[in-house]
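Below: the structure, in structure tokens.
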Amino acid sequence: MRKKWVGYAFISPWLIGFTVFVAGPFLLSIYFSFTRYDVVSPPVWVGLANYRKLFFDDPLFWKSLGITFKYALVAVPVGIAAGLGLALLLNLEIRGISVYRTIFYIPSIVPVVATSVVFVWILNPQIGLVNGLLRVFGIVGPAWLQDTTWAFWSLVFMSLWAVGGGMIIYLAGLKDVPMTLYEAAIIDGAGPLQRTWHVTLPMITPVIFFNLIMGVIGSFQYFTQAYIMTMGGPEDSTHFYALYLFNRAWRYLDMGYASAMAWILFVVVMFFTILIFRTHKRWVHYGN
Amino acid sequence: METEARDTSVPRARWATGLIFALAFAGVAAIFALPGPEPRRYPERIPVRFWHMWTAEWKVIVERIAERFNQSQEIYEVIPLSVPGAAADSKFLLAVAGGDPPDVMAQWNPVIPRWAESGLLMKLNDLMTPEEWDRFRREAYPAVQKIGIYKGDLYGVTTGLNAWACFIRLDHLREAGLDMRDFPETLEELMAWGDKLNRFDASGALTRIGFLPMGLHFFAPGFNGGFYDWDTGEVLIDTPENLAALNFLTEARRRLGFDEVVRFQSGLALGIGNIDWPFITGSYAIHVDGQWRVEQIAQYASYLEYDTAPIPPPAGGKPLFGWTNGNFMIIPVGARCPDGAWEFIKFWSGIAEPERAAEFYTWGGWLPLSPAIAEAPVYRKYVEEHPQFQTFLDMLPSENMHPTPPVPYQVYLFDRILSADDSAMRGTLTPQAALARLQREINREIASRREFGYED
Numbered sequence: 001m002r003k004k005w006v007g008y009a010f011i012s013p014w015l016i017g018f019t020v021f022v023a024g025p026f027l028l029s030i031y032f033s034f035t036r037y038d039v040v041s042p043p044v045w046v047g048l049a050n051y052r053k054l055f056f057d058d059p060l061f062w063k064s065l066g067i068t069f070k071y072a073l074v075a076v077p078v079g080i081a082a083g084l085g086l087a088l089l090l091n092l093e094i095r096g097i098s099v100y101r102t103i104f105y106i107p108s109i110v111p112v113v114a115t116s117v118v119f120v121w122i123l124n125p126q127i128g129l130v131n132g133l134l135r136v137f138g139i140v141g142p143a144w145l146q147d148t149t150w151a152f153w154s155l156v157f158m159s160l161w162a163v164g165g166g167m168i169i170y171l172a173g174l175k176d177v178p179m180t181l182y183e184a185a186i187i188d189g190a191g192p193l194q195r196t197w198h199v200t201l202p203m204i205t206p207v208i209f210f211n212l213i214m215g216v217i218g219s220f221q222y223f224t225q226a227y228i229m230t231m232g233g234p235e236d237s238t239h240f241y242a243l244y245l246f247n248r249a250w251r252y253l254d255m256g257y258a259s260a261m262a263w264i265l266f267v268v269v270m271f272f273t274i275l276i277f278r279t280h281k282r283w284v285h286y287g288n
Numbered sequence: 001m002e003t004e005a006r007d008t009s010v011p012r013a014r015w016a017t018g019l020i021f022a023l024a025f026a027g028v029a030a031i032f033a034l035p036g037p038e039p040r041r042y043p044e045r046i047p048v049r050f051w052h053m054w055t056a057e058w059k060v061i062v063e064r065i066a067e068r069f070n071q072s073q074e075i076y077e078v079i080p081l082s083v084p085g086a087a088a089d090s091k092f093l094l095a096v097a098g099g100d101p102p103d104v105m106a107q108w109n110p111v112i113p114r115w116a117e118s119g120l121l122m123k124l125n126d127l128m129t130p131e132e133w134d135r136f137r138r139e140a141y142p143a144v145q146k147i148g149i150y151k152g153d154l155y156g157v158t159t160g161l162n163a164w165a166c167f168i169r170l171d172h173l174r175e176a177g178l179d180m181r182d183f184p185e186t187l188e189e190l191m192a193w194g195d196k197l198n199r200f201d202a203s204g205a206l207t208r209i210g211f212l213p214m215g216l217h218f219f220a221p222g223f224n225g226g227f228y229d230w231d232t233g234e235v236l237i238d239t240p241e242n243l244a245a246l247n248f249l250t251e252a253r254r255r256l257g258f259d260e261v262v263r264f265q266s267g268l269a270l271g272i273g274n275i276d277w278p279f280i281t282g283s284y285a286i287h288v289d290g291q292w293r294v295e296q297i298a299q300y301a302s303y304l305e306y307d308t309a310p311i312p313p314p315a316g317g318k319p320l321f322g323w324t325n326g327n328f329m330i331i332p333v334g335a336r337c338p339d340g341a342w343e344f345i346k347f348w349s350g351i352a353e354p355e356r357a358a359e360f361y362t363w364g365g366w367l368p369l370s371p372a373i374a375e376a377p378v379y380r381k382y383v384e385e386h387p388q389f390q391t392f393l394d395m396l397p398s399e400n401m402h403p404t405p406p407v408p409y410q411v412y413l414f415d416r417i418l419s420a421d422d423s424a425m426r427g428t429l430t431p432q433a434a435l436a437r438l439q440r441e442i443n444r445e446i447a448s449r450r451e452f453g454y455e456d
């Protein structure tokens, strides 16, 4: 019994920090979402008014939610495909492979703020690297971040920059696939593509499942790049949900409204996470 | 062989581990060896904690002013602290909520109406003597009062107004056969000058913009419009005057090509700081910008031949018009030393001694609070050395320069004005549709605020 309390005593700094800085605000924000609250004055109870306004009287809420959905729908599968593809290539035993792995992994550890600033220049329509390359082939590139149609896709394109983070996890998963399965497949006459499709992919579905969950959660919280690179523009085409939430909370001082937005986001993320969990038995294969 | 390999790898691993620990230890030791905060110079005095958002050379100027204040009296010590701009507002709000705010803060974000409504800010007229308040109302330039006063009370004192006017490249004028002495008297004439100054390359792409009016919030007052009735306090959006202004701006953009202008401008450096400002690099022949550029040109491009002039009004419009903002000082509720803070504000702004404060305004190239400062010898000397600055001083008495309407949803309103402007400038929406959308958005915001129990 005494040993148990000693254990709690050792983790008490974390417990206290979690209670005060995470659990407390988390629970308080439920209350704030039913109030008019500006951080400084005492909250005033307004019932469901924040939620009513969000659902029925705020087109920007729906627009920002739609943009975020679209991003999750596009960027997550693209990121998984790119990360997995890279991992498969970098799983080959060729000379200098660890150098290639390092090269592809490094971008993912560059701070997102620095990456964003660099990409503002890379995507510059006049003097940017991308349009410079396109010009070599006689193509006039779009205005990317300044173009209402292209700004969103520019951010999707940029998300591939950090694909190395996922790649390294896939690579670890690939290394864990038992060689005996490949040997058996070869004996059965399977070619490289068949081995990839029928052995490799099923065996790393737990890793894909993990990256899918994390990717969906990350996509719904997409903020920094939009805040630095576009501030939601042009014409609200990159007005992501988290950016709108931030504006409501800190720029317009509608913390109650922002809390309601945060809870809707929480519910949405939970819904998709549960949905993915519910389906995972059909497509995720564990070794046992 | 295997035994030999093991024997050499173990000491290597030990070395590597030792090295990592040594480096980690050296890093920690270096952190502790760094100098701590500078000790207070006047520890016997009452501290006045001053937050501001300036960095680099601006921070030096601000600290110099604080030090001058400290040298000028024996009761207070102003302790300046540069707070990173991106997080300054949230830091300030949390400091007020936590009961430990600074005593005074320099701001430039449009925060006064919202923060005043929330009871975050002290009414500065309560700290003023009746005489000071009367003099402020009588002498401070109209824009200074519009920025600082909310619902009849003063919450912010401007220590540096911003005004915008035309910067004109004289070499470009000569090349196009134009003469500064014949500078247009109407906006329409200036557009014709712009046409003569535009330059295109062989493929027809823009290489220089002669003159392009931008920003509905800048130009609406010139068309007898604007977003606020300063007499009744009514927010004005979808009015014929604002529509005329937006039509004019959209037409100017359409003539050059919506996409063409986007491309051209996105290829320009932001020019926030120094020599890469597109006017200096020759990408604009006539460009609307703020008075601080005069000082920058003097410092970084003194070779440049240029002049300044107020934006001419459209035919039948109002002269000396534009949008304005500025740096202003606020005192939060909960400040421990509001009296010291107020003394510092008076000292810097020139409410106390205009002639002394005039020097501070010249250090930053700031526009003054009142004519008394503008007429001080030290300020006159500065203007003589920077003759292009006079244009901005001439604009200050104008009643046609307006800040963003002082309503509690000011930031939201400004964001949505920019969004409507953007949609019209890209040709996505007609000016009518853009203004109608803006009107709907603001009506909705006002209605929901009323539902939440706010007064306006």
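From first to last, the protein sequence lines stand for chains A and B. Counting from 1, one number per residue, gives the positions in the first sequence under this note's numbering. Counting from 1, one number per residue, gives the positions in the second sequence under this note's numbering. For every residue, glycine included, the Cβ atom is placed at its ideal position computed from N, Cα and C. It should be emphasised that the depicted structure is a prediction, and the values quoted were computed from it without experimental measurement.
| Asked | Found |
| --- | --- |
| Assuming tyrosine 300 of chain B is part of the alpha helix (DSSP H), what are its boundary residues? | 292–300 |
| Which residues in the same chain as threonine 17 of chain B place their Cβ atom closer than 7 Å to its Cβ, once the five residues preceding and following it in sequence are excluded? | none |
| Contact between the segment 100–120 of chain B and the segment 323–331 of chain B is defined here as three or more beta-carbon pairs at a separation below 8 Å; is this criterion met? | yes |
| Check the DSSP bridge columns for glycine 326 of chain B and list the partner residues they point to. | B/Leu161 |
| So, for glutamate 189 of chain B: in the same chain, excluding its five sequence neighbours on each side, which residues have a beta-carbon less than 8 Å away from its beta-carbon? | Pro312 |
| With which residues is serine 82 of chain B paired in a DSSP beta bridge? | B/His52 |
| Does the beta carbon of aspartate 176 of chain A come closer than 8 Å to any beta carbon on chain B? | no |
| Mapping the DSSP letters down to three states, classify histidine 280 of chain A as helix, strand or coil. | helix |
| If you run the structure through DSSP and keep just helix, strand and coil, what is methionine 167 of chain A? | helix |
| Below 8 Å on the Cβ atoms is my contact criterion, and I expect phenylalanine 240 of chain A with threonine 68 of chain A to pass it. Report the Cβ-Cβ distance as a whole number of Å. | 5 Å |
| Please list, in chain order, all residues of the same chain as glycine 271 of chain B whose beta carbon is under 7 Å from its beta carbon, the five residues on each side excluded. | Only weak support exists for where glycine 271 of chain B lies, its pLDDT of 49 falling under 50; the value from the coordinates is given anyway. Excluding residues within five positions, the ones whose Cβ falls inside 7 Å are Trp277 and Pro278. |
| Going by DSSP, what residues sit across from tryptophan 289 of chain A in a beta bridge? | Chain A is shown only over 1 to 288; residue 289 of chain A falls outside these bounds and no answer can be derived. |
| Using a C-beta to C-beta distance shorter than 7 Å, which residues of chain E count as neighbours of valine 96 of chain B? | Note that chain E does not occur in the displayed structure, where the protein chains are A and B. |
| Over what stretch of residues does the alpha helix (DSSP H) that includes aspartate 307 of chain B continue unbroken? | Not the alpha helix (DSSP H): aspartate 307 of chain B falls in the beta strand (DSSP E), residues 306–309. |
| Which of helix, strand or coil does DSSP assign to histidine 217 of chain B? | helix |
| Looking at chain A, which residues of the segment 425–452 of chain B have a Cβ within less than 7 Å of any of its Cβ atoms? | Arg426, Thr428, Arg444, Ser448, Glu451 and Phe452 |
| Straight-line CA distance for isoleucine 168 of chain A to alanine 81 of chain A? | 13 Å |
| Just list the alpha helix (DSSP H) runs in the segment 197–273 of chain A, keeping only unbroken ones of 4 residues or longer that don't cross its boundaries, in chain order. | 205–220, 224–229 and 241–246 |
| Identify the contact partners of proline 25 of chain A in chain B, using a Cβ-Cβ distance below 7 Å as the criterion. | Per Cβ cutoff of 7 Å: no residues; proline 25 of chain A is ~12 Å from chain B at best. |
| Establish whether the CB of glycine 135 of chain A and some CB of chain B are separated by less than 8 Å. | Before going further, note that residue 135 of chain A is arginine rather than glycine in the sequence given. Not closer than 8 Å to any Cβ of chain B, the Cβ of arginine 135 of chain A fails to qualify, so no. |
| With DSSP as the reference, label valine 333 of chain B as helix, strand or coil. | coil |
| For valine 46 of chain A, decide whether its Cβ has a neighbour in chain B, counting only Cβ atoms nearer than 8 Å. | yes |
| Which whole-angstrom value is the C-beta distance of proline 431 of chain B and leucine 246 of chain B, which I expect to be below 8 Å? | 4 Å |
| Using a Cβ-Cβ distance cut-off of 8 Å, determine whether serine 283 of chain B contacts chain A. | no |
| Ignoring anything shorter than 4 residues or poking outside the segment 342–414 of chain B, list the alpha helix (DSSP H) runs there in chain order. | 354–364, 371–374, 377–385 and 390–395 |
| Does methionine 290 of chain A pass the burial test, meaning 16 or more other C-beta atoms within 10 Å, or should it be called exposed? | The shown model of chain A, from 1 to 288, leaves out residue 290 of chain A, and the question about it has no answer. |
| Just to confirm, are phenylalanine 248 of chain B and proline 314 of chain B a CB contact at a threshold of 8 Å? | yes |
| With a threshold of 8 Å between beta-carbons, can proline 43 of chain A be considered close to chain B, or not? | no |
| Kindly indicate which residue of A/Tyr105, A/Ala72 and A/Ser259 has the alpha-carbon position closest to the one of leucine 155 of chain A. | A/Ala72 |
| Which of the three DSSP states is assigned to glycine 271 of chain B in this structure? | Low confidence applies to glycine 271 of chain B: its pLDDT is 49, below 50, so where it sits in the model is not reliable enough to give any reading. |
| Quick one: Cα of glutamate 67 of chain B to Cα of tyrosine 76 of chain B, how far? | 11 Å |
| If you draw a straight line from the C-alpha of valine 261 of chain B to the C-alpha of glutamine 145 of chain B, how long is it? | 36 Å |
| May I have the straight-line CA-CA distance separating lysine 91 of chain B from valine 74 of chain A, to the nearest angstrom? | 36 Å |
| Could you spell out where the beta strand (DSSP E) holding threonine 207 of chain B opens and where it closes? | 206–208 |
| If you count every other CB in all the chains shown that lies within 10 Å of the CB of tryptophan 15 of chain B, and 16 or more means buried, which is it? | exposed |
| Closer than 8 Å, Cβ to Cβ, to anything on chain B: give me those residues from the segment 248–271 of chain A, in chain order. | Trp250, Arg251, Tyr252 and Leu253 |
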